[in-house]
Amino acid sequence: MGPKAFLRNLEIFFIIASGISMPFIVMGSYFSLTLEKDRSKPLIIFFLIISVVYALLYSHFSWNNIREQIIKINNLKKGK
0 MGPKAFLRNL EIFFIIASGI SMPFIVMGSY FSLTLEKDRS KPLIIFFLII SVVYALLYSH
60 FSWNNIREQI IKINNLKKGK
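Per numbering that gives the first Met the number 0, the very first residue in the sequence shown carries number 0; after that it's consecutive.
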């Protein structure tokens with residue numbers, strides 16, 4: 000595996016890791032609130048849904064961008 004392939008795989012890893020970690024970051028922020036009245040269940044469910052949707056959209060658009068770059072690199076190698 001060459002350096003370009005390694006960097007591409009590293010980029011994909013960080014995209015997936017950020018998508019997976021987003022809901023846990025939101026839950027950690029929620030449970031760090033000290034007052035019970037600040038912790039409402041509808042609020043955490045709302046933020047979890049938003050974070051999951053954000054993570055999915057982020058991963059989707061980032062992966063599309065990486066795939067386009069891979070296609071461009073392959074086309075340049077073939078001389079198209």
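By construction, the Cβ of each residue, glycine as well, lies at the ideal position given by its N, Cα and C atoms.
Note that the structure is a prediction, hence the values are computed from the model and not measured.
As assigned by DSSP and simplified to three states, the class of residue i
| i | result |
| --- | --- |
| G78 | coil |
C-beta neighbour in chain C for residue i, strict 7 Å
| i | result |
| --- | --- |
| L75 | No chain C is part of this structure, which consists of one protein chain only. |
Nonlocal neighbours in the same chain, by C-beta distance under 6 Å from residue i, ignoring five residues either side
| i | result |
| --- | --- |
| M21 | S50 and A54 |
Proximity to residue i [Cα-Cα], best of the options
| i | options | result |
| --- | --- | --- |
| I11 | S61, P2 and S28 | S61 |
Short Cβ contact (7 Å threshold) for residue i with residue j
| i | j | result |
| --- | --- | --- |
| L42 | V25 | no |
| G27 | S58 | no |
Buried/exposed call for residue i, threshold 16 Cβ in 10 Å
| i | result |
| --- | --- |
| I72 | exposed |
| I44 | exposed |
8 Å CB neighbourhood of residue i in its chain, flanking five on each side removed
| i | result |
| --- | --- |
| N64 | none |
| I15 | S58 |
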